[in-house]
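Chains as they are written, first to last, in our numbering: chain A, 385 to 505; chain B, 9 to 350.
The C-beta atom is built at its ideal place from N, Cα and C for all residues, glycine as well.
Bear in mind the structure is a predicted one, so any value in this text is a computation, not a measurement.
Rendered as C-alpha cells:
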C-alpha cells in the first residue's frame with residue numbers, strides 16, 4: 385500500500401542562498417544584542433551594591449527584565465519557535481508559564497514566611 | 009525563516025489526521041516536549057533556590073563577592089569570569105544556529121565548520137566550569153571564621169601576609185628540632201587552623217611535631233557578619249586593627265571548627281550550608297547538560313562527516329540537537345541572573 389500521509393516537513397525548512405544571507409544578518413543582530421545585554425548586566429552588578437535599597441530593587445527588576453529579553457531572543461530566534469505555527473508555540477509556552485509562575489509565587493511566598501518564623505518577626 | 013509556517017492549510021485538512029497540525033516532524037515535536045519537561049526541572053531547582061534564599065535572606069552570600077576571581081589574575085574582578093562563561097556559551101549557541109542555517113541550504117561544508125566551532129565552544133565552557141568548581145571548593149586564603157560570641161564572619165581583605173616558614177621546636181615522627189619547613193606551607197597552615205592545631209603562633213604538624221610560624225601580618229582585614237551571635241548581628245562590619253586581631257585570635261585559638269576554608273556539601277565559607285549545595289547541584293546539573301550536549305553534537309558531527317545526513321536530503325538532526333544546545337544556553341541565562349547576579 386502506498387501511503388499518502390507521510391509528509392517530510394524537514395524539507396519545508398530549506399531556504400535559498402539569498403534568504404540565508406538575511407537570516408545570518410538577523411543572527412548577527414541577536415548575537416550583538418545578547419552580548420551587549422550581558423555586558424550591561426555585569427557592569428551594573430559590579431557598580432550597584434545590594435544594600436542600596438530602592439536602587440538595588442530597581443536594578444534587580446531590570447536584571448529580570450533583561451533576562452526575559454535574552455530568553456525571548458534565544459527561544460524565538462535561535463530555537464526558531466517564532467517561526468513555528470501559533471499552535472505549537474502555545475502548546476510549549478502556555479502550560480510552562482502557568483506552572484512556573486504558580487511555582488515561583490508559592491515558593492517565594494513560603495520562603496518569606498519561613499524567614500519570619502526563623503527570625504521570630 | 010522556515011517556509012512551512014506561512015503555508016495556508018484549511019483547518020479540516022489540518023486536523024484531519026493526514027498531516028501534522030503543527031507542521032513539524034515527530035522528532036522535532038518530541039524534542040520540544042522533552043525540553044519543556046527539562047525546563048520545568050530547572051525551573052523547580054531555581055525556584056527552590058529562591059525559596060531558600062528568601063528564608064535565609066541577608067545571610068545569603070552575594071554573587072559578586074563570592075565570584076570575583078580570574079585565573080592567573082587573582083581577586084577583584086566581580087562576576088567577570090562568569091560573564092566570560094556566559095559569552096562563551098552565547099557564541100557557541102550562535103555557531104550552532106549558523107550550522108542549522110547552513111543545513112537548510114544543504115551546505116555540508118558550512119554545517120561541518122560550524123558544528124566543530126560549537127563543539128570547541130562547549131569544551132571551553134566545560135573547562136571554565138571545572139576551574140570555577142575547583143576555585144569554589146578550595147576557597148579563599150582567609151576562610152570563614154566563628155567569632156568568640158558565636159557569630160560567623162566572612163573576610164574581605166587586601167592582602168594575606170605570606171607564610172615564610174615553620175621552625176620546628178618539638179620533634180615528631182619526621183621533623184627534627186630546629187628544622188625549617190618551607191614547602192606546602194599554606195596547605196598545612198589552613199589544615200591545622202581548621203583542625204584547631206594552631207595555638208599562640210605554634211602549629212602542630214601532621215607528624216606530631218610542633219613548630220613556630222613565621223608569617224607576615226594580614227592587611228586591610230574586614231569582617232562581615234553572616235550569622236548572629238550574642239554580640240554581633242548579620243550585616244555588621246568590623247574593620248581596622250581590631251578586625252586583624254580578632255581574625256588572628258580565631259586562627260590561634262587552638263579550637264577545631266572555628267575556621268572553614270572552601271566548600272563541600274556539609275559546610276562552606278561563603279554562607280549557609282544550602283548555598284554550596286545549590287551551587288553544586290544547579291551548576292552541576294547544567295554542566296552535565298552541557299557535557300551531554302557536546303557528546304550529542306560530536307555524534308551529529310560524525311554523521312555530517314560521514315554524509316549520512318546529506319543522503320537523507322535534509323539536516324533536521326542538526327536542527328534538533330541545535331534545539332537542545334540552545335536550551336542549555338537558555339538555562340545558563342537564568343542561572344547567571346538568579347545565582348550570580350541577584
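As assigned by DSSP and simplified to three states, the class of residue i
i	result
residue 489 (chain A)	helix
residue 91 (chain B)	helix
residue 331 (chain B)	helix
residue 219 (chain B)	strand
residue 250 (chain B)	helix
residue 459 (chain A)	helix
residue 56 (chain B)	helix
residue 232 (chain B)	strand
residue 424 (chain A)	helix
residue 274 (chain B)	coil
residue 210 (chain B)	strand
residue 419 (chain A)	helix
residue 82 (chain B)	strand
residue 74 (chain B)	helix
residue 261 (chain B)	strand
residue 267 (chain B)	strand
residue 167 (chain B)	strand
residue 149 (chain B)	coil
residue 27 (chain B)	coil
residue 224 (chain B)	coil
residue 189 (chain B)	strand
residue 430 (chain A)	helix
residue 157 (chain B)	coil
residue 404 (chain A)	helix
residue 479 (chain A)	helix
residue 385 (chain A)	Low confidence applies to residue 385 (chain A): its pLDDT is 45, below 50, so where it sits in the model is not reliable enough to give any reading.
Pair within 8 Å by beta-carbon distance, residue i and residue j
i	j	result
residue 298 (chain B)	residue 134 (chain B)	yes
residue 349 (chain B)	residue 120 (chain B)	no
residue 139 (chain B)	residue 79 (chain B)	yes
residue 111 (chain B)	residue 255 (chain B)	no
residue 334 (chain B)	residue 463 (chain A)	yes
residue 219 (chain B)	residue 190 (chain B)	no
residue 345 (chain B)	residue 448 (chain A)	yes
residue 222 (chain B)	residue 172 (chain B)	yes
residue 169 (chain B)	residue 226 (chain B)	yes
residue 326 (chain B)	residue 308 (chain B)	yes
residue 491 (chain A)	residue 59 (chain B)	yes
residue 64 (chain B)	residue 280 (chain B)	yes
residue 338 (chain B)	residue 455 (chain A)	yes
residue 240 (chain B)	residue 69 (chain B)	no
residue 145 (chain B)	residue 272 (chain B)	yes
residue 480 (chain A)	residue 28 (chain B)	no
residue 302 (chain B)	residue 154 (chain B)	no
First through last residue of the alpha helix (DSSP H) which encompasses residue i
i	result
residue 305 (chain B)	292-313
residue 119 (chain B)	116-146
residue 203 (chain B)	193-203
residue 241 (chain B)	Neither: residue 241 (chain B) is in no alpha helix (DSSP H) and is coded neither H nor E.
residue 282 (chain B)	281-286
Delimiting residues of the beta strand (DSSP E) encompassing residue i
i	result
residue 161 (chain B)	160-164
residue 319 (chain B)	From DSSP, residue 319 (chain B) is part of no beta strand (DSSP E) but of the alpha helix (DSSP H) over 316-320.
residue 345 (chain B)	Segment: none, residue 345 (chain B) is in no beta strand (DSSP E) and carries neither H nor E.
residue 174 (chain B)	171-178
residue 154 (chain B)	152-154
Amino acids of chain C, ordered along the chain, whose beta-carbon sits closer than 7 Å to that of residue i
i	result
residue 72 (chain B)	As a matter of chain content, chain C is missing from the structure shown, whose protein chains are A and B.
Residue i: CB within 7 Å of a non-hydrogen atom of the ligand ZN
i	result
residue 73 (chain B)	Looking for the ligand ZN in the displayed structure turns up nothing, as the structure carries no ligands at all.
- Message: Assess contact between the stretch 97-115 of chain B and the stretch 124-138 of chain B, defined as three or more Cβ pairs (one per stretch) separated by less than 8 Å. Is contact present?
- Response: Three or more beta-carbon pairs separated by less than 8 Å link the stretch 97-115 of chain B to the stretch 124-138 of chain B, which places the two stretches in contact.
- Item | Inter-stretch contact at 8 Å, needing at least 3 Cβ pairs: the stretch 83-100 of chain B / the stretch 423-432 of chain A | Yes, the stretch 83-100 of chain B touches the stretch 423-432 of chain A.
- Listed in chain order, which residues of the stretch 143-169 of chain B have Cβ atoms closer than 9 Å to some Cβ of chain A? Among the residues of the stretch 143-169 of chain B, none has a Cβ less than 9 Å away from any Cβ of chain A.
- Message: Which residues of the stretch 456-470 of chain A have a Cβ closer than 7 Å to any Cβ of chain B? Give them in chain order.
- Response: The stretch 456-470 of chain A vs chain B, Cβ under 7 Å: 458, 459, 462, 463, 464, 467, 468 and 469.
- Message: So if I threshold CB-CB distances at 7 Å, which residues from the stretch 407-438 of chain A count as touching chain B?
- Response: So the close ones are 407, 408, 411, 415, 418, 419, 422, 425, 426, 429, 430 and 434.
- Between the stretch 264-275 of chain B and the stretch 236-250 of chain B, do three or more beta carbon pairs fall short of 8 Å? Pairwise C-beta distances place the stretch 264-275 of chain B out of contact with the stretch 236-250 of chain B, as fewer than three of them are shorter than 8 Å.
- Item | Residues in the stretch 470-500 of chain A having any Cβ partner in chain B nearer than 7 Å | Against chain B - using a Cβ distance shorter than 7 Å - the residues of the stretch 470-500 of chain A are 471, 472, 476, 480, 483, 484, 487, 488, 491, 492, 494, 495, 496, 498 and 499.
- Message: For the pair the stretch 286-303 of chain B and the stretch 44-64 of chain B, tell me if three or more CB-CB distances fall below 8 Å.
- Response: Result yes; three or more Cβ-Cβ pairs closer than 8 Å.
- Proximal residues, the stretch 32-51 of chain B versus chain A, C-beta separation under 7 Å: Taking 7 Å as the upper bound on Cβ-Cβ separation, chain A lies near residues 32, 33, 40, 44, 47, 48 and 51 of the stretch 32-51 of chain B.
- Name, going along the chain, the residues of the stretch 84-112 of chain B whose beta-carbon falls closer than 9 Å to a beta-carbon of chain A. Flagged, chain order: 85, 86, 87, 88, 90, 91, 94, 95, 98, 99, 101, 102, 104, 105, 106, 108, 109, 110, 111 and 112.
- Cβ pair count under 8 Å reaching 3, the stretch 149-159 of chain B against the stretch 88-96 of chain B: Touching, no.
- Item | Contact residues within the stretch 246-260 of chain B, judged by C-beta distance below 8 Å to chain A | Going along the stretch 246-260 of chain B in chain order, one finds no residue with a Cβ nearer than 8 Å to chain A.
- Anything in the stretch 394-407 of chain A with a Cβ closer than 8 Å to a Cβ of chain B? List those residues in chain order, please. The residues in question are 394, 395, 396, 397, 398, 399, 400, 401, 403, 404 and 407.
- Message: Tell me whether the stretch 210-217 of chain B and the stretch 179-189 of chain B touch, counting them as touching only if at least three CB pairs, one residue from each stretch, are closer than 8 Å.
- Response: Yes, they touch.
- Task: Quick one: which residues of the stretch 227-242 of chain B get their C-beta closer than 7 Å to a C-beta of chain A? List them in chain order.
- Result: Answer in chain order: no residues at all.
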